[in-house]
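A short write-up of the structure that comes next.
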Amino acid sequence: MRNPKTGSLAKPRDDEKKMSRIGKSPITIKPTVAVTVDGRTVSVKGIKGSLTLVIPKGITVDVKDQIILVKTEANDTKMNALHGFVRAQMVNMITGVSEGWTKTLMLSGVGYRAVVTGSDLIVTVGFSHPVTMKPPPGIQFSLTEGKIVVTGIDKQLVGQVASDIRKIKPPEPYKGKGIMYEGEHIRKKAGKSAKGVGGAPGAVK
Numbered sequence: 001m002r003n004p005k006t007g008s009l010a011k012p013r014d015d016e017k018k019m020s021r022i023g024k025s026p027i028t029i030k031p032t033v034a035v036t037v038d039g040r041t042v043s044v045k046g047i048k049g050s051l052t053l054v055i056p057k058g059i060t061v062d063v064k065d066q067i068i069l070v071k072t073e074a075n076d077t078k079m080n081a082l083h084g085f086v087r088a089q090m091v092n093m094i095t096g097v098s099e100g101w102t103k104t105l106m107l108s109g110v111g112y113r114a115v116v117t118g119s120d121l122i123v124t125v126g127f128s129h130p131v132t133m134k135p136p137p138g139i140q141f142s143l144t145e146g147k148i149v150v151t152g153i154d155k156q157l158v159g160q161v162a163s164d165i166r167k168i169k170p171p172e173p174y175k176g177k178g179i180m181y182e183g184e185h186i187r188k189k190a191g192k193s194a195k196g197v198g199g200a201p202g203a204v205k
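Residue 48 in full-length UniProt numbering sits at position 48 of the sequence shown, and the numbers go up by one each step.
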């Protein structure tokens, strides 16, 4: 990329170099996965299902001998970022159609619970009525030891649906009651009574 002031080639930043290296790394296709390229559309099929990705202009995807190479036509900040993004998407698609993606959430609160009826998720989290969530195509809900498990082949969709479930009742900052991701750390605040006596033991200021 040229320096706009001097016209000389600018030295790539470290993050550009890193993204470029990531994008150039070959991807090994698993034996149970088939990848085909038709024009600018890449199709990935496996035992869990199939996904497609439209490749943006300036990026090419070559498939040969169970290896995928993602290439870019330019070497600048925007294209390097796009290069790395497309490669990451390809890796996620291969994992999704062969193994699937999951996101787990936990309920914290007296009387808080979740049930799966048919394909729908129904959560009771302190409101006057239960909240029902219908899964979008490609998403399944299940319960494991009282935890909500969101499953699908599209990593981005699994994450979005899990985020929507969490938004029903985000964990509040004082007692941590609500819906949270498994492993999520909630920074609890001291209540008013605790603040009046100098803060509760272990409270975060």
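All C-beta atoms in this analysis are idealised placements derived from N, C-alpha and C, irrespective of residue type, glycine included.
Considered as a whole, the stretch 110 to 181 harbours 155 to 168 as its complete alpha helix (DSSP H) runs of no fewer than 4 residues, in chain order. In the DSSP assignment, Ser108 falls within the unbroken beta strand (DSSP E) covering Trp101 to Ser108. Taking all protein chains in view, the Cβ of Pro136 is surrounded by fewer than 16 other Cβ atoms within 10 Å, so the residue is classified as exposed. Taking all protein chains shown into account, Ser98 has 16 or more neighbouring C-beta atoms within 10 Å of its C-beta and is therefore buried. 8 Å or more divides the Cβ of Ile148 from the Cβ of Thr132. Of all C-beta pairs linking the stretch 77 to 91 to the stretch 158 to 167, fewer than three are shorter than 8 Å, placing the two stretches out of contact. For Val37, the enclosing beta strand (DSSP E) covers residues Ala34 to Asp38. Listed in chain order, the non-local C-beta contacts of Asp154 below 7 Å within the same chain comprise Leu51, Gly96 and Gly138, local neighbours out to five positions each way being set aside. By the Cβ neighbour-count rule, Lys103 is buried, with 16 or more other Cβ atoms within 10 Å of its own. Annotated three-state conformation of Ser43 is strand, per DSSP. In the DSSP annotation of this structure, the continuous segment of the alpha helix (DSSP H) that includes Gly96 starts and ends at Thr77 to Ser98.
With a cut-off of 8 Å on Cβ pairs, the stretch 58 to 71 is in contact with the stretch 30 to 45, counting three or more such pairs. With 16 or more other Cβ atoms inside 10 Å of its own Cβ, Arg87 counts as buried.
Rounded to whole angstroms, Pro173 and His185 show a C-alpha spacing of 11 Å. Just so you know, the alpha carbons of Thr28 and Leu69 end up roughly 9 Å apart. With contacts defined by Cβ atoms closer than 8 Å, Gly178 and Gly111 do not form a contacting pair. Look at Lys64 here: in three-state DSSP terms it is strand.
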